[in-house]
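Student:
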Amino acid sequence: MDIKEQIELIKRSIPSRVKLIAVSKTHPVEIILQAYKSGHKVFGENKVQELVQKHEFMPKDIEWHLIGHLQTNKVKYVVPFVSLIHSVDSKKLLQVIDSEANKLNKVINCLLQVKIAREESKFGMDYKELVSILNDGVGNFKNIRICGLMGMATFTNDDSIIRDEFKRCKQLFKEVKDNYFSNTPYFKEISMGMSDDYLIAIEEGSTMVRIGSKIFGYRNYNI
Ligand SMILES: *Cc1c(COP(=O)(O)O)cnc(C)c1O
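Straight run, no breaks: the sequence shown in my numbering ends on number 233.
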């Protein structure tokens, strides 16, 4: 598969207001460089150690997104360079990001990860947790900019389930925007959609799609 062609194909199929995050997890730097040389500069990784290593070895004008679960003790490794953390799912994590960002005098862009899938997923907040941390004032951390929500649909072939879940994510976004961020222009992102469901996600209001296998091919987790 030609990575450059795949990226161009995907870009042609999505509106320009939607940001493409090329999910490069498990793929080595040489492969990611092929995408970079074709002009794409936005990459996503789901593990902190892999993200940090790739950041070190790749050109410095890349925009790195963390899309996987973040443990509080690893926040300090990503804060120096990360451009958006998609996977914030607790108040504790927000507190730690705020304090590490403060040490470096930075403001870190974050999305709140919400549970929209029917299947039991370990990560993401349900509606109650989301409202509870927002009522606690997490929108007011000085060194964090909450830019929107992230959601993942159920892993299924049934498009109607996926569509319903994305609709729910958009609905949650609207509620949170109206109730907590109505005067916050940067609260505008909905990160949803992966290789198999990104077109549905865009129809339902996604502003960021996270696409891995459709660009880089299948992942081998054993290497
Ligand atoms: C791996 C991953 C993706 C990309 O998945 P593909 O199906 O390969 O496009 C998107 N989001 C998250 C959170 C991921 O971990």
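Backbone N, C-alpha and C define an ideal beta-carbon position, used for all residues, glycine too.
1) Would you kindly work out how many angstroms separate the C-alpha atoms of residue 152 and residue 129, rounded to a whole number?
2) What would DSSP say about residue 155, mapped onto helix, strand or coil?
3) If residue 5 sits next to residue 28, beta carbons under 8 Å apart, how far is it from one beta carbon to the other, in whole angstroms?
4) Taking the alpha helix (DSSP H) that residue 103 falls in, what are its first and last residues?
5) Find the nearest neighbour of residue 114 within the set 21, 90, 38, judged by alpha-carbon distance.
6) My guess is that residue 144 and residue 190 are in contact by the Cβ rule of under 8 Å, so how many angstroms apart are they, rounded?
7) Relative to the C-alpha of residue 125, which candidate in 134, 139, 36 has its C-alpha closest?
8) Identify whether residue 22 lies in helix, strand or coil by the three-state DSSP scheme.
9) If you measure between the beta carbons of residue 88 and residue 76, is that distance less than 7 Å?
10) Any idea what DSSP makes of residue 66, helix, strand or coil?
11) Comparing C-alpha positions only, which one of 127, 136, 92, 225 sits nearest to residue 100?
12) In the DSSP assignment, what are the bridge partners of residue 220?
Tutor: This is what the structure holds:
1) Position 142 of the sequence shown, counted from the start, is the residue given in the question as residue 152. Position 119 of the sequence shown, counted from the start, is the residue given in the question as residue 129. If I take the Cα positions, the gap works out to 35 Å.
2) Numbered from its first residue, the sequence shown carries residue 155 at position 145. Residue 155 falls in the strand class under three-state DSSP.
3) With the chain running from 11 to 233 in the structure shown, residue 5 is simply not present.
4) Walking along the sequence shown from the start, residue 103 turns up at place 93. DSSP places residue 103 in the uninterrupted alpha helix (DSSP H) bounded by 101–113.
5) Against the sequence shown, residue 114 aligns to sequence position 104. Relative to the Cα of residue 114, the nearest Cα in the group 21, 90, 38 belongs to 90.
6) Stepping through the sequence shown from its first residue, residue 144 is reached at position 134. Stepping through the sequence shown from its first residue, residue 190 is reached at position 180. With a Cβ gap of about 5 Å, residue 144 and residue 190 count as contacting.
7) Residue numbering aside, residue 125 sits at position 115 when the sequence shown is read from its first letter. Scanning 134, 139, 36 for the CA closest to the CA of residue 125 turns up 134.
8) Sequence index remark: in the sequence shown, residue 22 carries index 12 (1-based). When DSSP states are grouped into helix, strand and coil, residue 22 belongs to the helix group.
9) By one-based count along the sequence shown, residue 88 stands at place 78. By one-based count along the sequence shown, residue 76 stands at place 66. In contact: residue 88 and residue 76 (Cβ atoms closer than 7 Å).
10) Your numbering for residue 66 matches position 56 in the sequence shown. In this structure, residue 66 counts as helix in the three-state DSSP scheme.
11) For the purposes of this step, residue 100 is taken as the residue at position 90 of the sequence shown. That would be 136, whose Cα lies nearest to the Cα of residue 100.
12) Against the sequence shown, residue 220 aligns to sequence position 210. In the DSSP output, where bridge partners are listed per residue, residue 220 has 31.
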